[in-house]
Each structure stands twice: as C-alpha cells, then as structure tokens.
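In the numbering used here, the protein residues as written are 22 to 71.
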C-alpha cells in the first residue's frame, strides 16, 4: 500500500469519525431537551399538587 493510499484511508476514517461525532452531538441535544422537558413537567405537577 502506497503512502498516498494510506493517507486517503486515514482521511476517510477521519471523515467517518467526524460524521459519527456529529450524529452523537445531535442525539445528545435531543436527549437533553427530553430531560429538560421532563424536569419542567415534574415541577409543574409538584406545583399543581402543592
């Protein structure tokens, strides 16, 4: 395998890792929003019951 082929393979791997990281960041944002919504709903129920 030539140096150029190794470099191209490494570059492709970096691109794949970057895409996977972006997907994880999006999922993390969605999960954070769900948690924040759940906390707000729980607080609203507590205030309603009080």
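Yeah, the Cβ is synthetic: ideal placement off N, Cα and C, and Gly gets one too.
Excluding sequence positions up to five away, which residues of its chain have a Cβ less than 6 angstroms from the Cβ of residue i?
i: residue 45; result: none
i: residue 33; result: none
i: residue 59; result: none
In this structure, how does DSSP classify residue i when only helix, strand and coil are distinguished?
i: residue 22; result: coil
i: residue 65; result: helix
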